[in-house]
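**Student:** Dumping the structure here so I can ask a few things about it.
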Amino acid sequence: MSLVYLLGSLILVMGLVLVTLFIKPLRRYSSYISLLAPIIASVYFLSQIPNVMHQKLITFKIPWMPVIDVNFDLRLDGLGLMFGLIISIIGVAVFFYATQYMADSSNNLPRFFLYLLLFMFSMLGIVISNNTILMYVFWELTSVSSFLLISYWYSNPNSQLGAIQSFMITVLGGLALLTGFIMLYIITGTNTVSELIAQRHQISDHALFIPMMIMLLIGAFTKSAQFPFHIWLPKAMAAPTPVSAYLHSATMVKAGIFLLFRFTPILGLSDSYIYTVTFVGLITMMFGSITALRQYDLKGILAYSTISQLGMIMSMVGLGGGIAQHPSGPMAEIYTLILFAGLFHLMNHALFKCALFMGVGIIDHEAGTRDIRRLSGMRKYFPKMNLAMTLAALSMAGVPFLNGFLSKEMFFDSLVKAIKLQQFGLPLTILVVALGVIASIFTFVYAVYMLKETYWGEFDGEEVPKKHIHEPWLFSLPAMILMVMLPIIFFVPNFFTHHIVLPALRNVTYLGANVDTLAPHVSQWHGVNLPLIFSVIVIVVGLILALKIDWKYLTHRVVKYASITNAYRKVYREFESYSGQSIRHLMNNRLNHYNIITLMIFAILVAYGIMQVGFPKLHQIHVTDFGPLEVILAIMVSIVGIALVFIRQRLTMVILNGIIGYSVALFFLVMRAPDLALTQLVVETITTILFIVSFSRLPNISRRANNLKVESIKIIVSFIMAGAVVTLVFIAQQGDGLETISKYYMNAYKLTGGKNIVNAILGDFRALDTMFESLVLIIVGLGIYTLLTYKDWRGQDERE
Numbered sequence: 053m054s055l056v057y058l059l060g061s062l063i064l065v066m067g068l069v070l071v072t073l074f075i076k077p078l079r080r081y082s083s084y085i086s087l088l089a090p091i092i093a094s095v096y097f098l099s100q101i102p103n104v105m106h107q108k109l110i111t112f113k114i115p116w117m118p119v120i121d122v123n124f125d126l127r128l129d130g131l132g133l134m135f136g137l138i139i140s141i142i143g144v145a146v147f148f149y150a151t152q153y154m155a156d157s158s159n160n161l162p163r164f165f166l167y168l169l170l171f172m173f174s175m176l177g178i179v180i181s182n183n184t185i186l187m188y189v190f191w192e193l194t195s196v197s198s199f200l201l202i203s204y205w206y207s208n209p210n211s212q213l214g215a216i217q218s219f220m221i222t223v224l225g226g227l228a229l230l231t232g233f234i235m236l237y238i239i240t241g242t243n244t245v246s247e248l249i250a251q252r253h254q255i256s257d258h259a260l261f262i263p264m265m266i267m268l269l270i271g272a273f274t275k276s277a278q279f280p281f282h283i284w285l286p287k288a289m290a291a292p293t294p295v296s297a298y299l300h301s302a303t304m305v306k307a308g309i310f311l312l313f314r315f316t317p318i319l320g321l322s323d324s325y326i327y328t329v330t331f332v333g334l335i336t337m338m339f340g341s342i343t344a345l346r347q348y349d350l351k352g353i354l355a356y357s358t359i360s361q362l363g364m365i366m367s368m369v370g371l372g373g374g375i376a377q378h379p380s381g382p383m384a385e386i387y388t389l390i391l392f393a394g395l396f397h398l399m400n401h402a403l404f405k406c407a408l409f410m411g412v413g414i415i416d417h418e419a420g421t422r423d424i425r426r427l428s429g430m431r432k433y434f435p436k437m438n439l440a441m442t443l444a445a446l447s448m449a450g451v452p453f454l455n456g457f458l459s460k461e462m463f464f465d466s467l468v469k470a471i472k473l474q475q476f477g478l479p480l481t482i483l484v485v486a487l488g489v490i491a492s493i494f495t496f497v498y499a500v501y502m503l504k505e506t507y508w509g510e511f512d513g514e515e516v517p518k519k520h521i522h523e524p525w526l527f528s529l530p531a532m533i534l535m536v537m538l539p540i541i542f543f544v545p546n547f548f549t550h551h552i553v554l555p556a557l558r559n560v561t562y563l564g565a566n567v568d569t570l571a572p573h574v575s576q577w578h579g580v581n582l583p584l585i586f587s588v589i590v591i592v593v594g595l596i597l598a599l600k601i602d603w604k605y606l607t608h609r610v611v612k613y614a615s616i617t618n619a620y621r622k623v624y625r626e627f628e629s630y631s632g633q634s635i636r637h638l639m640n641n642r643l644n645h646y647n648i649i650t651l652m653i654f655a656i657l658v659a660y661g662i663m664q665v666g667f668p669k670l671h672q673i674h675v676t677d678f679g680p681l682e683v684i685l686a687i688m689v690s691i692v693g694i695a696l697v698f699i700r701q702r703l704t705m706v707i708l709n710g711i712i713g714y715s716v717a718l719f720f721l722v723m724r725a726p727d728l729a730l731t732q733l734v735v736e737t738i739t740t741i742l743f744i745v746s747f748s749r750l751p752n753i754s755r756r757a758n759n760l761k762v763e764s765i766k767i768i769v770s771f772i773m774a775g776a777v778v779t780l781v782f783i784a785q786q787g788d789g790l791e792t793i794s795k796y797y798m799n800a801y802k803l804t805g806g807k808n809i810v811n812a813i814l815g816d817f818r819a820l821d822t823m824f825e826s827l828v829l830i831i832v833g834l835g836i837y838t839l840l841t842y843k844d845w846r847g848q849d850e851r852e
């Protein structure tokens, strides 16, 4: 099945869910209909594993704007397949989980699952795009769908704040990403990802290489919540838990990591990239692991743990970036090991973090709270979640016999081997090892701390809002399945790495078949070495710190509350206050004031243009012959125009304005342009009727006497504007650098079959422009309809 059929299937499922939105009896089934989408995607990607393993890439391309190399270009390789499997398989678990979690809000189910499907569609679009502009479109669609999902409970102020904050940061990062992609196009003349990678050495030698790299890093860091752009992720936890389990742990936050993996052959050519990504990742890992201990909310703990784990993966992306500079030789094996470890841990993290979020969601749904101060002794009421979350948390902490232990060992091995890399000497290696080990200790601490405070201790029924606590087995099923995968991957890791990680590694390193010999064989036992010693230190020290220290007191009484989030809030509120005052000063409900400002800005722009190109020489301007009829029409238009300045009655103004419009139509007739004249007559007639109908519904307001100062300003602005327009006409008449556009439409009837040249231009030559103008009119119409019927809708909601 082609990639376009996959996307088409997802769009079809979205369409079916959209239909249920308008048929109330079908709304309860929208969740099960939407479940088809991740199932279809999972089956597709699983079926493509043999092809991708044998390097048979699946491609699809439709030319869109080939002049600037913007095409609907899709490509499924090993890296895209790995992310596609994570998105779709985790999607099956999350969608099924959401059918149980959202069962109580059947009326809003279509809206929720429509947003979730839009996100899944957008995320898959990112990983299979082979065109940077297409990738950017999908990239921003993930931000839009994330905003809609975070603000799903839009009456909740926390949801509003989280949605706005995440949208602002990720969209600004997306704009930086677009800037980087444009720079890549300027350097190479192509937007095709595979061609960009083929020209990587040309890109690295260009003056725009470093600015382009910075823009791509900003895009990746904002999306993957790296320090200091991490502040949006904890606030995004106001979304329903299925959203947190899917977007903010397994998929969307991995988009930035995917971007850097995809462009490692280009970006890795710079040592600055290697240092920046490595240390930003390690700092983020350290910051997230320590800050997680300050949280009382279970989802807050998981949010900062996600930030920490993303930093860990990001550090491995940075350390392994040097493969672009050393694709062969002894260092190539080390770089390959590091990138392999990053990909392996990325897969493991998606599994155990999704299970953790699901467990927290079940506790919150059934007990009515996520506050660890009120949840002691939950093991008696949630035995299945106790087991699932314990295994998932210990996997995250790097305990043996679980998949996280293997990738954590490989992480330590990567840090130790940094000393053999060209970019890292002994001092830097000691620093990265210290940061990695200390952050891992705190990771172990918050994992055990979260389990201890939630499931251990004595249950106090007075602290839990809901008194009838139970653990539905169907609700728990997705988390239990994910839990089973954790030890399975530990005991048979190479089955998964061979079919999923290794093909992805080929497309990160672009070493082809050499990767098979350089990639490590994952083993549960490597003997007594430094990574094992670090693991033992992490477990022993972590247990002591988790069990012997009162982290509630230490982190909430000793640690200060200053945070980047608070600084963001202050800046945001100041900006909001300033912008509100500025807008209120500018938007003073005076139409004349708006018109004057608009026209003066236009005149200033024209004046600037004249300064650049020079004032037109009037003696060189050719004036077409004119007769008595043109003179009479010009005098009539001038008299009516001047009269409009002093007329105060609305109906009279409308009639005079119509006279000017009809006079212009007569000018078109005199100039032998009947099509333009007919169009002008139709538009002027409709406009006049609309004005009259609108004014008839407005209240009668007493008119003040003419103010000499105000009228003088109007007249002056009118003359300035008239002078600007006439000057532009003169300049256009003298311009002979371009061929007259009229020749382009000489064969309009033959090309379009339209006898009216205006209709031919609007319907054929400018069809795309006209389509978007029509879309704008539809949006305006829907907005007006919403305002007119708002009270009726509000009354209906209250009755329901």
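Residue numbers (my numbering): 53 to 852.
Quick reminder that beta carbons are idealized off the backbone N, C-alpha and C, glycines included.
Find the nearest neighbour of D156 within the set R80, A686 and L718, judged by alpha-carbon distance.
**Tutor:** The residue labelled residue 156 in the question sits at position 104 within the sequence shown. Measuring from the Cα of D156, the nearest candidate turns out to be R80.
**Student:** Identify, in the order they occur along the chain, each residue of the same chain with its Cβ nearer than 7 Å to the Cβ of M187, setting aside the five sequence neighbours on each side.
**Tutor:** As a working mapping, residue 187 is identified with position 135 in the sequence shown. Cβ within range, chain order: I178 and S181.
**Student:** Pull up the distance between the alpha-carbon of I414 and that of G420, whole angstroms please.
**Tutor:** Taking the sequence shown and counting its residues from 1, one reaches residue 414 at position 362. Taking the sequence shown and counting its residues from 1, one reaches residue 420 at position 368. Going by the C-alpha atoms only, they are around 9 Å apart.
**Student:** Look at L128 and L55 and say whether their C-beta atoms are less than 8 Å apart.
**Tutor:** Along the sequence shown, one-based indexing puts residue 128 at 76. Along the sequence shown, one-based indexing puts residue 55 at 3. Yes; because the gap between Cβ atoms is below 8 Å, this pair is in contact.
**Student:** Roughly how far, in whole angstroms, is the beta-carbon of S459 from the beta-carbon of F396, given that I think they are within contact range, below 8 Å?
**Tutor:** For the purposes of this step, residue 459 is taken as residue 407 along the sequence shown, with counting starting at 1. For the purposes of this step, residue 396 is taken as residue 344 along the sequence shown, with counting starting at 1. Beta-carbon to beta-carbon, S459 and F396 are separated by about 5 Å, close enough to satisfy the 8 Å threshold.
**Student:** Which first and last residues belong to the beta strand (DSSP E) in which P115 is found?
**Tutor:** Working through the sequence shown from its first residue, we reach residue 115 at position 63. Unbroken beta strand (DSSP E) run through P115: I110 to M117.
**Student:** Which residue wins for smallest C-alpha separation from E682, given the options G805, A717, M535 and V832?
**Tutor:** Against the sequence shown, residue 682 aligns to sequence position 630. For E682, the nearest C-alpha among the options comes from A717.
**Student:** Whose C-alpha, out of A307, L285 and Y387, is nearest the C-alpha of L343?
**Tutor:** Taking the sequence shown and counting its residues from 1, one reaches residue 343 at position 291. For the record, residue 343 in the displayed sequence is Thr; it is not Leu. If we check each option's Cα against that of T343, L285 comes out closest.
**Student:** Could you give the residue range of the beta strand (DSSP E) that holds V65?
**Tutor:** For the purposes of this step, residue 65 is identified with residue 13 of the sequence shown, where counting begins at 1. First-last for V65: L55 to F74, but that is the alpha helix (DSSP H), not the beta strand (DSSP E).
**Student:** Does Y298 pass the burial test, meaning 16 or more other C-beta atoms within 10 Å, or should it be called exposed?
**Tutor:** Numbered from its first residue, the sequence shown carries residue 298 at position 246. Y298 is buried by the Cβ-count criterion.
**Student:** I want to see whether chain B comes within less than 8 Å of D602, judged by CB atoms only; does it?
**Tutor:** Annotation note: the requested chain B is absent from the structure, which comprises a single protein chain.
**Student:** Would DSSP call N811 helix, strand or coil?
**Tutor:** The residue labelled residue 811 in the question sits at position 759 within the sequence shown. Reduced to three states, the DSSP call for N811 is helix.
**Student:** According to the neighbour-count rule (16 or more other Cβ atoms, all chains shown, within 10 Å of its Cβ), is Q732 buried or exposed?
**Tutor:** Working through the sequence shown from its first residue, we reach residue 732 at position 680. Counting Cβ neighbours within 10 Å, Q732 comes out buried, since at least 16 surround it.
**Student:** If you count every other CB in all the chains shown that lies within 10 Å of the CB of V245, and 16 or more means buried, which is it?
**Tutor:** The residue labelled residue 245 in the question sits at position 193 within the sequence shown. Counting the other Cβ atoms within 10 Å of the Cβ of V245 gives 16 or more, which makes it buried.
**Student:** Smallest Cα separation from Q278: which of P292, P294, Q251 and L312?
**Tutor:** Taking the first residue of the sequence shown as position 1, residue 278 is located at position 226. The residue with the shortest Cα to Cα distance from Q278 is L312.
**Student:** Going by the DSSP bridge assignment, what does T244 pair with across the sheet?
**Tutor:** Residue 244 sits at position 192 when you count from the first residue of the sequence shown. Answer by DSSP bridge pairing, in chain order: N183.
**Student:** Can you name, in chain order, every residue of its own chain whose Cβ lies under 7 Å from the Cβ of K436, other than the five neighbours on each side?
**Tutor:** Translated into positions along the sequence shown, residue 436 becomes position 384. For K436, the CB contacts under 7 Å within the same chain, skipping 5 residues up- and downstream, are E523, S528 and M532 in chain order.
**Student:** Run through the DSSP bridge pairs and tell me what D465 is partnered with.
**Tutor:** As a first step, residue 465 must be located in the sequence shown, where it is residue number 413. D465 is not bridged to any residue.
**Student:** Run through DSSP, which three-state label would R625 get?
**Tutor:** Counted from its first residue, the sequence shown places residue 625 at position 573. The three-state reading of DSSP puts R625 in helix, counting H, G and I together.
**Student:** Quick check on the burial criterion: 16 or more other C-beta atoms within 10 angstroms. Buried or exposed for D465?
**Tutor:** Along the sequence shown, read from residue 1 onward, the residue named residue 465 stands at position 413. So D465 ends up on the buried side.
**Student:** Counting along the chain, where does the alpha helix (DSSP H) carrying R426 start and finish?
**Tutor:** Your numbering for residue 426 matches position 374 in the sequence shown. Unbroken run through R426: none, as it is neither H nor E.
**Student:** Count the other CB atoms within 10 Å of the CB of Q664; is the residue buried (16 or more) or exposed (fewer)?
**Tutor:** Residue mapping note: residue 664 aligns to position 612 of the sequence shown, counting from 1. Under this definition Q664 is an exposed residue.
**Student:** Is it buried or exposed, L176, if we count other Cβ atoms within 10 angstroms and call 16 or more buried?
**Tutor:** Taking the first residue of the sequence shown as position 1, residue 176 is located at position 124. Label assigned to L176: buried.
**Student:** Using the C-alpha atoms, what's the distance from L446 back to I139?
**Tutor:** Within the sequence shown, residue 139 is the residue found at index 87, counting from 1. Within the sequence shown, residue 446 is the residue found at index 394, counting from 1. Looking at the two C-alpha atoms, the distance is approximately 23 Å.
**Student:** Assess, as a yes-or-no matter, whether the region 564-581 is touched by the region 476-483 under the definition of 3 or more beta carbon pairs within less than 8 Å.
**Tutor:** no
**Student:** Give a yes or no on contact between the region 591-603 and the region 489-507, applying the rule of three or more CB pairs nearer than 8 Å.
**Tutor:** yes
**Student:** Determine the burial state of E628: buried for a count of at least 16 other Cβ atoms within 10 Å of its Cβ, exposed for fewer.
**Tutor:** As a first step, residue 628 is located in the sequence shown; it is residue number 576 there, counting from the start. Exposed, since its Cβ has fewer than 16 Cβ neighbours within 10 Å.
**Student:** Which of the three DSSP states, helix, strand or coil, is assigned to D864?
**Tutor:** Outside the displayed span of the chain (53 to 852) sits residue 864, for which this structure offers no information.
**Student:** Taking the straight line between their C-alpha atoms, what separation do you get for F511 and F434?
**Tutor:** For the purposes of this step, residue 511 is identified with residue 459 of the sequence shown, where counting begins at 1. For the purposes of this step, residue 434 is identified with residue 382 of the sequence shown, where counting begins at 1. Taking the straight line from one Cα to the other gives about 12 Å.
**Student:** Which residues bound the beta strand (DSSP E) around F124?
**Tutor:** Counted from its first residue, the sequence shown places residue 124 at position 72. That run of the beta strand (DSSP E) goes V122 to L128.
**Student:** Could you check where the alpha helix (DSSP H) with M338 kicks off and where it finishes?
**Tutor:** The residue you call residue 338 lines up with position 286 of the sequence shown. First-last of the alpha helix (DSSP H) with M338: D323 to T343.
**Student:** Measuring straight from C-alpha to C-alpha, what distance separates M537 and V544?
**Tutor:** Residue mapping note: residue 537 aligns to position 485 of the sequence shown, counting from 1. Residue mapping note: residue 544 aligns to position 492 of the sequence shown, counting from 1. Going from the Cα of M537 to the Cα of V544 covers about 10 Å.
**Student:** Restricting to Cα atoms, I'd like to know which of L200, G241, M154 and I386 is closest to P35.
**Tutor:** Residue 35 lies beyond the range of the chain shown here (53 to 852); nothing can be said about it.
**Student:** Do the CB positions of T561 and L827 come within less than 8 Å of each other?
**Tutor:** Here the question's residue 561 lines up with position 509 in the sequence shown. Here the question's residue 827 lines up with position 775 in the sequence shown. Taking 8 Å as the Cβ cut-off, T561 and L827 do not qualify as a contacting pair.
**Student:** Go ahead and label R252 buried or exposed: buried means 16 or more other beta carbons lie within 10 angstroms of its beta carbon, across all protein chains shown.
**Tutor:** Translated into the one-based positions of the sequence shown, residue 252 becomes position 200. When all chains shown are included, R252 counts as buried.
**Student:** Closest to L68 by C-alpha separation, out of S367, L200, P162 and Q576, would be which residue?
**Tutor:** Position 16 of the sequence shown, counted from the first residue, corresponds to residue 68. Among S367, L200, P162 and Q576, the Cα nearest to that of L68 belongs to P162.
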